[in-house]
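In full-length UniProt numbering, the protein residues as written are 1 to 571.
And the structure:
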């Protein structure tokens, strides 16, 4: 990690004169006593490794403060804002006036990702002309940097649409960056990823590095995204779904990954880097090198420490109460009885961690329920019995996926949990969607059912008490419930896109992909107006794209018209 931080400064210093619309370039020029390395260094094996470490570090930006959770989970159908929504909720959940070219998180996003792209460009440029590397070393290096460049461009194009496409490094100052078409961006992303799939090693050299199947998963998702367009122009081709399925199958059939048998085990902090994970962003708890860390654990929790028997601790987290699940998520999305993902995605019970009010340590202190009750309990019983979720946006079952009890202290915000960006269950859903969009509903159903077999309560599994307390099941029932949630080809034919979006919502709830899923399927406006009470009134069609940051536009020379430099609706 120390090497990563040093190299990051070195790489960016080398790029200072070519920095793309970044005010912080000036800050790097002011650094003292930094090593002065020539660009040729990045045409060596050691230089490539150093630059790759630096480029991977830019991936941490999204989970290091309120960033990617804001950009991808606010303003959708599955989550709304909790009691303390943060400064950016009005912009991104309510689609308010603060969602404008001056929004700081958008410029930070733009800045971070183009820094990463510039680093990748430098390495690609130097490796291609290297005389010190073997042909195989060049191919492997170019494959890794092509993956990284494609990764960052894919995130940018999904948020901003038309963006500058920069593929080289100039050591003269540049101020002209015309935007390329979305189609051209996708063509380049696909070109980079196809190269990466062909020349990357099958297994990553180190934890946190990408390899062949991470590139294949991402390529499948890119083809799926491009081909999902109907009225939007992304350069979609008739073969996009065929290719999405091809690369998804490459991952599925590689034999390197497998679904965990229990959905709940995915969120066990001691089970990081498991067989289902294809690619994840790495963090550390070392206070010297962790930077912002992974702060997602802060945003998904609800308040608990004011209840009898409870005090703040590591296990239950430090809840900022940002994201509150919607009525749709809680009451409509799941077969709550037979699909174990519903109860395994949330924390329903808090156990007393101090004595008080007649409770001993280990007793139930808080219980969350779907149903109201007239009974009296020693513990606090919270029921999801409201028409308007904002009436009780402090107390709700929190999403378990980001809890981080391995932090250094109770109030520590910088977590060290990995941020899973690709896992096999999503690969199956990509394959299912690609097949279904091509009219092969049987194959789609087969892939969905593989995911649903794991989602069901398993043979011999002791079901959570909610199975009989909330959903009418029999106490002690250990039978498999897959038959109740199994899908057929006929189930998919009438409204396939909505079905697959619901399935992605059930499996990938809160995993920082909902907003982009709705945009790529051209469903954002429909879903927001139907299910997001906070944003329904103010949402406009142009909100399917983010505004281009004004700080970038202000530095362009020559500068085009507003229509050339800014997305429609933001000028």
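Even for Gly, the Cβ is constructed at its ideal location relative to N, Cα and C.
In angstroms with no decimal places, state the Cα-to-Cα distance between residue i and residue j.
i, j, result
"residue 566", "residue 547", "7 Å"
"residue 74", "residue 398", "16 Å"
"residue 324", "residue 223", "32 Å"
"residue 25", "residue 505", "Model confidence at residue 25 stands at a pLDDT of 34, short of 50, so the residue's coordinates are unreliable; what they give is reported in the following sentence. Taking the straight line joining both Cα atoms gives about 40 Å."
"residue 168", "residue 118", "8 Å"
"residue 89", "residue 404", "24 Å"
"residue 539", "residue 523", "13 Å"
"residue 261", "residue 79", "27 Å"
"residue 160", "residue 377", "51 Å"
"residue 285", "residue 408", "7 Å"
"residue 536", "residue 186", "30 Å"
"residue 338", "residue 328", "17 Å"
"residue 236", "residue 220", "14 Å"
"residue 116", "residue 461", "46 Å"
"residue 573", "residue 458", "Outside the shown range of the chain (1 to 571) lies residue 573, about which nothing can therefore be said."
"residue 483", "residue 218", "32 Å"
"residue 320", "residue 127", "45 Å"
"residue 481", "residue 465", "15 Å"
"residue 238", "residue 425", "25 Å"
"residue 82", "residue 135", "54 Å"
"residue 559", "residue 122", "26 Å"
"residue 33", "residue 564", "Its pLDDT being 41, under 50, residue 33 is placed unreliably by the model, and nothing is read from it."
"residue 254", "residue 296", "31 Å"
"residue 427", "residue 124", "29 Å"
With a threshold of 16 other CB atoms inside 10 Å of the CB of residue i, please say whether the residue is buried or exposed.
i, result
"residue 380", "buried"
"residue 568", "exposed"
"residue 273", "exposed"
"residue 275", "exposed"
"residue 2", "Low per-residue confidence applies at residue 2: pLDDT is 40, beneath 50, and the placement is therefore not dependable, though the value from the model is reported in the following sentence. Exposed is the call here."
"residue 532", "buried"
"residue 315", "exposed"
"residue 374", "exposed"
"residue 287", "exposed"
"residue 154", "buried"
"residue 318", "buried"
"residue 231", "exposed"
"residue 414", "buried"
"residue 211", "buried"
"residue 530", "exposed"
"residue 97", "exposed"
"residue 362", "exposed"
If contacts are defined as beta-carbon pairs under 8 Å, then residue i and residue j qualify, I think. What distance do you get, rounded to the angstrom?
i, j, result
"residue 256", "residue 207", "Going by Cβ atoms, the distance from residue 256 to residue 207 rounds to 14 Å, so no, they are not a contact pair."
"residue 133", "residue 44", "7 Å"
"residue 309", "residue 357", "6 Å"
"residue 76", "residue 527", "7 Å"
"residue 166", "residue 233", "Rounded, the Cβ-Cβ distance is 21 Å, inconsistent with contact."
"residue 164", "residue 180", "7 Å"
"residue 71", "residue 58", "Rounded, the Cβ-Cβ distance is 15 Å, inconsistent with contact."
"residue 313", "residue 353", "5 Å"
"residue 435", "residue 245", "6 Å"
"residue 199", "residue 139", "4 Å"
"residue 278", "residue 330", "Contact flag wrong, Cβ pair sits at about 30 Å."
"residue 141", "residue 48", "4 Å"
"residue 512", "residue 69", "6 Å"
Under 7 Å Cβ to Cβ from residue i, same chain only, skipping five residues before and after it: list those, please.
i, result
"residue 263", "340, 341, 344, 454 and 455"
"residue 400", "267, 345, 346 and 347"
"residue 395", "302, 303 and 382"
"residue 571", "562"
"residue 389", "Per-residue confidence for residue 389 stands at a pLDDT of 48, beneath the threshold of 50, marking its modelled position as unreliable; no derived number is given."
"residue 517", "501 and 504"
"residue 493", "441"
What does a CB cutoff of less than 6 Å around residue i pick up in its chain, not counting 5 residues either side in sequence?
i, result
"residue 437", "241"
"residue 557", "175"
"residue 196", "143, 146, 147 and 215"
"residue 86", "66 and 322"
"residue 542", "568 and 569"
"residue 150", "189, 192 and 193"
"residue 177", "164"
"residue 156", "113 and 163"
"residue 131", "none"
Run the proximity test for residue i: is its beta-carbon closer than 7 Å to any non-hydrogen atom belonging to the ligand PLP?
i, result
"residue 413", "This structure lacks the ligand PLP; in fact it carries no ligand of any kind."
Within a Cβ cutoff of 8 Å, which residues of the same chain sit near residue i, ignoring the five residues on either side of it in sequence?
i, result
"residue 334", "341, 342 and 506"
Point to revise | the region 344-354 touching the region 99-108, judged by at least three CB pairs closer than 8 Å | key: no
Check your understanding: Is there contact between the region 58-70 and the region 288-296, where contact requires at least three CB pairs shorter than 8 Å?
Key -> yes
Point to revise | the region 357-367 touching the region 499-515, judged by at least three CB pairs closer than 8 Å | key: no
Point to revise | Three-pair Cβ contact test at 8 Å for the region 408-422 versus the region 470-486 | key: no
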